[in-house]
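In the numbering used here, the protein residues as written are 43 to 566.
Glycine included, every Cβ here is placed at the ideal spot set by N, Cα and C.
Just so you know, these numbers come straight off a predicted model, no measurement behind them.
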């Protein structure tokens, strides 16, 4: 080999070596270009203060303790109702107990905090040019208020973050009730959002409704002691507000079981008091919050308004105007808003959860859910078998013929192909609505650090269907269904026959009157 050839090869090797060494630099540059600030919206549960700066939420005294402290008072009033067949005393006592517990956090008839209660304002965004974390820029807001109004505050906060970081776009991550506030911004300022939002992640979104809030506000209750006892014994092991409250309610009603009333009698009693108790309790607690009305779905919205505000429409005209505006301008048209944003280049991703039933106190308690919201709403249209069942064979055959079988979960519970964004929606099994583990945050980071639209095929570690292990705090691909795993969705029956009736049939009463209405009060 002559010297010229050797020299040429040497030059070529040097060039190749330099090129290979520079590849990580190119990758880093690409990542930096997509390294955009993240604005994070929590759901319900942020700290609220009264006008004197005293913390009023989360509650300093457990609602369970407050409820149990009034047991004798409620039992006396209930016993009076049984003996006299007049439930006015019991209704008044029950309403007074609830009003006392929630008097500091309720809003006025216009859906405003006229009592001076508040959430702390956002501090000025810190200057930061790269390496953004999920919680660097948390948008703090009073989660009780009207999302449409708060959207203006979020708009201003986005501008403040852009100024502090020197970026032209942000990434928006919202979870649970926070998605309703993000949705209000996206709907109210759509043109602006198309220019300023790079990525939008909707994490267990409730903007299309929560089955618990929708059913409670519209008065859709049912009596099934077997389901109630099954739920309490199997799903009431957590420390969240809902669990504590329902356990307390069951405790109280069990102690009242000496009255020995049957299910029919309990249902009759509830029918007699529901028209008085339900609207009053809702209006004097979370029904005074415009934000909670934004979780009432399209199907039940008018029915809920009629139940809660019938006869007092003029008195509550202020809040009615707010909830109507949010419903008509945001909730009913949000799919179109998302499609418009997606078509303009905004990257949209959705994370839903499933396989946790809602408290079995409503007519739709068998629907597939994450403990708060039903899966079709969480996923903007995904199809699911009922809790404890799988999609029917005939349905799966149709999906195969349509060529969409790859969108069916291995456990045969979910068909993602019917959702609004089947390629950009993930389904997490066995993670309850209010639990936000770090392992799912890792998926959020994967999405947020992708220069292009992140999809269910972008990383084999994060396929469309994942299962959460609460002991190991990990998410792994969903396991395939085996023969005999759960009933086919075309089968009849709820799969609960043979379950031991742990508590008295009478648990239905208080679970209905208090537990159902109050269960929504601890929801994230």
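For the segment 113–142, the full-length alpha helix (DSSP H) segments reaching 4 residues or more read 113–126 along the chain. Taking 8 angstroms as the cut-off, the beta carbon of residue 423 is found closer than this to the beta carbon of residue 461.
Per DSSP, residue 342 has no beta bridge partner at all.
Short of 6 angstroms from the beta carbon of residue 346, and not among the five residues preceding or following it, lie these beta carbons of its own chain, in chain order: 259, 260 and 338.
Per DSSP, reduced to three states, the secondary structure at residue 369 is helical. Using a Cβ distance threshold of 8 angstroms, residue 506 and residue 389 do not count as a contacting pair. Counting the other Cβ atoms within 10 Å of the Cβ of residue 111 gives fewer than 16, which makes it exposed.
In terms of CA proximity to residue 519, 502 leads the group 502, 139 and 237. For residue 317, the secondary structure class from DSSP, reduced to helix, strand or coil, is helix. For residue 240, the enclosing beta strand (DSSP E) covers residues 239–245. In the structure shown, the three-state DSSP call for residue 200 is helix.
For residue 391, there is no enclosing alpha helix (DSSP H); the residue is part of the beta strand (DSSP E) that begins and ends at 389–396. The shortest CA-to-CA distance from residue 165 to any of 376, 180, 514 and 151 is the one to 180. For residue 250, the closest C-alpha among the options 209, 225, 206 and 90 is that of 225. Along the length of the segment 438–517, whole beta strand (DSSP E) runs at least 3 residues long occupy 467–471 and 507–511, reported in chain order. Per DSSP, reduced to three states, the secondary structure at residue 84 is coil, with no helix or strand assignment. In the assembly as shown, residue 169 is an exposed residue. Its beta-carbon has fewer than 16 other beta-carbons within 10 Å.
With contact defined as three or more Cβ pairs closer than 8 angstroms, the segment 137–148 and the segment 326–333 are in contact. Sorting 236, 523 and 216 by C-alpha distance to the C-alpha of residue 420 places 216 at the top. Rounded to the nearest whole angstrom, the CA to CA distance from residue 467 to residue 138 is 44 angstroms. If the five residues before and after residue 99 are omitted, its C-beta is found closer than 6 angstroms to the C-beta atoms of 90 and 147, all from its own chain and listed in chain order. Its chain contains 465 and 466 as the residues whose beta carbon lies nearer than 8 angstroms to that of residue 497, once the 5 sequence neighbours on both sides are disregarded; these appear in chain order. Per DSSP, reduced to three states, the secondary structure at residue 229 is helical. As computed with DSSP, residue 426 is found in a beta bridge with 456.
Residues 214 and 388 of the same chain have their beta carbon placed closer than 6 angstroms to that of residue 239, with the five preceding and five following residues left out of the count.
Of the other Cβ atoms in all chains shown, 16 or more fall within 10 Å of the Cβ of residue 431; this residue is therefore buried. With a threshold of 16 other beta carbon atoms within 10 Å, residue 454 meets it and is buried.
Contact check between the segment 150–163 and the segment 360–371: three or more CB pairs, one atom from each, fall below 8 angstroms, which counts as touching. Taking residue 195 as reference, the option from 173, 381 and 231 with the minimal CA-CA separation is 231.
About 4 angstroms separates the CB atoms of residue 510 and residue 473; that is less than 8 angstroms, so the two are in contact. Collapsing the DSSP output to three states places residue 179 in a strand. Counting the other CB atoms within 10 Å of its CB gives residue 115 a total below 16, which places it among the exposed residues. Inter-residue distance for residue 439 and residue 456 is about 14 angstroms (C-alpha atoms, whole angstroms). Going by beta carbons, residue 400 and residue 254 fall inside the 8 angstroms limit.
Going by DSSP, residue 97 is part of the beta strand (DSSP E) stretching over 97–99.
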